[in-house]
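Colleague: Quick one: the structure is below, questions incoming.
2 protein chains.
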Amino acid sequence: MIERLAIIGVGLIGGSLARALRAAGAVGDIVGCGRALPNLERALALGVIDRFTQNPAEAVANADMIFIAVPLGAMRGVFDAIAGRLQPEAIVTDGGSVKGSVVLDAVAAFGHIPPRLVPGHPIAGTEHSGVEAALANLYQQRRVIVTPLPETDPVALARVQMMWERCGAEVTQMSVAHHDEVLAATSHLPHLLAFGLVDTLARLRENDEVFQYAAGGFRDFSRIASSNPVMWRDICLANRAAVSTMLARFGAEMTDLADSIRRADGEHLLDIFTRAKAARDRYVDGTKDETA
Amino acid sequence: MIERLAIIGVGLIGGSLARALRAAGAVGDIVGCGRALPNLERALALGVIDRFTQNPAEAVANADMIFIAVPLGAMRGVFDAIAGRLQPEAIVTDGGSVKGSVVLDAVAAFGHIPPRLVPGHPIAGTEHSGVEAALANLYQQRRVIVTPLPETDPVALARVQMMWERCGAEVTQMSVAHHDEVLAATSHLPHLLAFGLVDTLARLRENDEVFQYAAGGFRDFSRIASSNPVMWRDICLANRAAVSTMLARFGAEMTDLADSIRRADGEHLLDIFTRAKAARDRYVDGTKDETA
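Protein chains in written order, with the working numbering: chain A, 30 to 321; chain B, 30 to 321.
Quick look at the structure:
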């Protein structure tokens, strides 16, 4: 049971955690904190939070659990604002899409790795954003990755894990570096390809015509190119090393495909397409239960 | 009104044309032709066709309209089988995803460009295939591109155009080369990226784990990697020149993105992502009516 929860950044991710914990009866008082006053007023009116402040230091003053759900580029500022203002027993966790940069930001602000910081990442979201899109069931049957460090207090880790389980999520642990590699492959690279594809087409001389003839497959494929540009700039910068490695691997694959097409090597093309289809079909079957 | 329609290749595309024309009362007798006997028997049982033969020459013998909907790699064989067997007034059209190779195959089989050949391409499909997936409304409010040549008989062109309009489609004309460029950009390149991405992930050492953490965005993005590998091998080989050009353009875009990430140029990344999001949002808004 969390007595006082502070949510820094009351959008889809932070608001959904508040709603889920409330629905589970797992939280007492919820204070919201953010920069935009109208958003905080809306969150209060919707009953997502009990009260709000625009000052992070004030938000965390009496909290036993703090959840930070701001864009990666704003993490450092939040850590700076709350360092030295926490209760001794307070646990801090976050929802950032990259974990290495969050840990570095915390070290820069606190001067060391805070033992009661539990870096985390709920693998959930919808194409909508903002507190109005927050859902009590957003995390049900979704994965949450926590990336504890050697310095992490096991009690703090257990409490964060329990918090997510009360929201219906399945929690798994991995190292910070491994998290950032896995997400570079499954999320960051696909987003870069979608942005890159749509921009390539937009730059063609006949771009209006081209988009007219793009059918259903293209619509699905390019959906993630409608994601928030600022958030994705921050992710690319925060996860530079792992994203660069994945871009190089993908580049080698596409060079191989382009060479096969140039030399009309149908056998090699068929091998690649068949292997990709098998992986995709196996993967979709294997995770059917998560798509509902 | 078509008196005798011959459909060579009775799958999703061919079967849906038969169903749509029947529903519109725009066709008399429909003969199906294909290599797999069980599929033809199923098409007959479903009422998609009135009778069938496995011999293309026999199928076209009395037909006034012939629709060829076989994989691109099988086009040449069909043209060889029907050359010299057509009624003088018979019109031939097709549903191939690449038009340059279809015209070359026809020239190779007929010895010249048949004036009553109208190359065409319905921009439609579902993730399913086969005659059981055929729908009378598959082409409603979808685009069909016809690519007449200087040699094409205007009466034949008008009749093919009318046939598709009776199915509820919107028909547009473009040159063979332009069609192949537009489709390389909007369909062939995205499919190659999806195959390439899924194969890149499948080849990672920890591929099982990676796919476990792939969330909703990845599922949408990679759906087209479940497409038929043989069909896509044929398309890549048939449209080598235009696909190679688009792969090179996309490669340059990704090199630019990778360089920006390496040198942490957030401003340039934001420019690209913002332009891509604007194009995607404009495109989705602009074609809302087609997605229903």
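Glycine is no exception: its CB is placed at the ideal position from the N, C-alpha and C atoms.
1. Of all the options B:Gly197, B:Leu212 and B:Leu230, which has the alpha carbon lying nearest to the alpha carbon of threonine 176 of chain B?
2. Tell me, please, whether the CB atom of glycine 129 of chain B is closer than 8 angstroms to any CB atom in chain A?
3. When DSSP labels each residue in this structure, what does proline 151 of chain A get in the three-state scheme?
4. Where are the beta strand (DSSP E) runs, 3 residues long or more, that stay fully inside the segment 106-161 of chain A, in chain order?
5. Please state whether the Cβ-Cβ distance between leucine 50 of chain B and isoleucine 31 of chain B is less than 8 angstroms.
6. Would you call the segment 130-143 of chain A in contact with the segment 157-170 of chain A, where contact means no fewer than 3 C-beta pairs closer than 8 angstroms?
7. For proline 179 of chain B, is the classification buried or exposed, using 16 other Cβ atoms within 10 angstroms of its Cβ as the cut-off for buried?
8. Under 7 angstroms between beta-carbons, which chain A residues line up against leucine 266 of chain B? List them in chain order, please.
9. Between which two residues does the beta strand (DSSP E) holding alanine 35 of chain A run?
10. Compare the beta carbon distance of isoleucine 111 of chain A and alanine 86 of chain A with 8 angstroms and say whether it is the shorter of the two.
11. Between the beta-carbon of proline 258 of chain A and the beta-carbon of threonine 303 of chain B, is there less than 8 angstroms?
12. Can you check which of these residues, B:Arg269, B:Ala287, B:Lys306 and B:Arg262, is closest to glycine 102 of chain B by C-alpha distance?
13. Give a yes or no on whether 8 angstroms exceeds the smallest Cβ distance from arginine 262 of chain A to chain B.
14. Could you run through the segment 154-176 of chain A and flag, in chain order, every residue whose CB is less than 7 angstroms away from some CB of chain B?
15. Of all the residues that make up the segment 216-230 of chain A, which are near chain B by a beta-carbon distance shorter than 8 angstroms?
16. With a 10 Å radius around its C-beta and 16 neighbouring C-beta atoms as the bar for buried, classify proline 143 of chain A as buried or exposed.
17. I'd like the list of long-range same chain contacts for threonine 274 of chain A, defined as Cβ closer than 8 angstroms, with 5 residues on each side in sequence excluded.
18. Counting only beta-carbon atoms, is glycine 125 of chain B nearer than 8 angstroms to chain A?
19. Given isoleucine 42 of chain B, which residues of its chain have a CB within under 6 angstroms of its CB, disregarding the five upstream and five downstream residues?
20. Return no unless some Cβ of chain A is closer than 8 angstroms to the Cβ of serine 45 of chain B.
21. May I ask you to report which of helix, strand or coil DSSP gives arginine 172 of chain B?
22. Around the Cβ of glutamate 282 of chain A, are there at least 16 other Cβ atoms within 10 angstroms (buried) or fewer (exposed)?
23. Given that a residue counts as buried once 16 or more other Cβ atoms are within 10 Å of its Cβ, and exposed if not, what is proline 67 of chain B?
24. What does DSSP give as the partner residue(s) for isoleucine 59 of chain B in the beta ladder?
Modeller: Looking at the atomic coordinates:
1. B:Leu212
2. no
3. strand
4. 120-123 and 149-151
5. yes
6. no
7. exposed
8. Ala293 and Gly295
9. 31-37
10. yes
11. yes
12. B:Arg262
13. yes
14. Arg172
15. Ser216, Leu218, Pro219, His220, Leu221, Leu222, Ala223, Phe224, Gly225, Leu226, Val227, Asp228, Thr229 and Leu230
16. buried
17. Glu210 and Ala213
18. no
19. Ala98 and Gly124
20. no
21. strand
22. buried
23. exposed
24. B:Leu34
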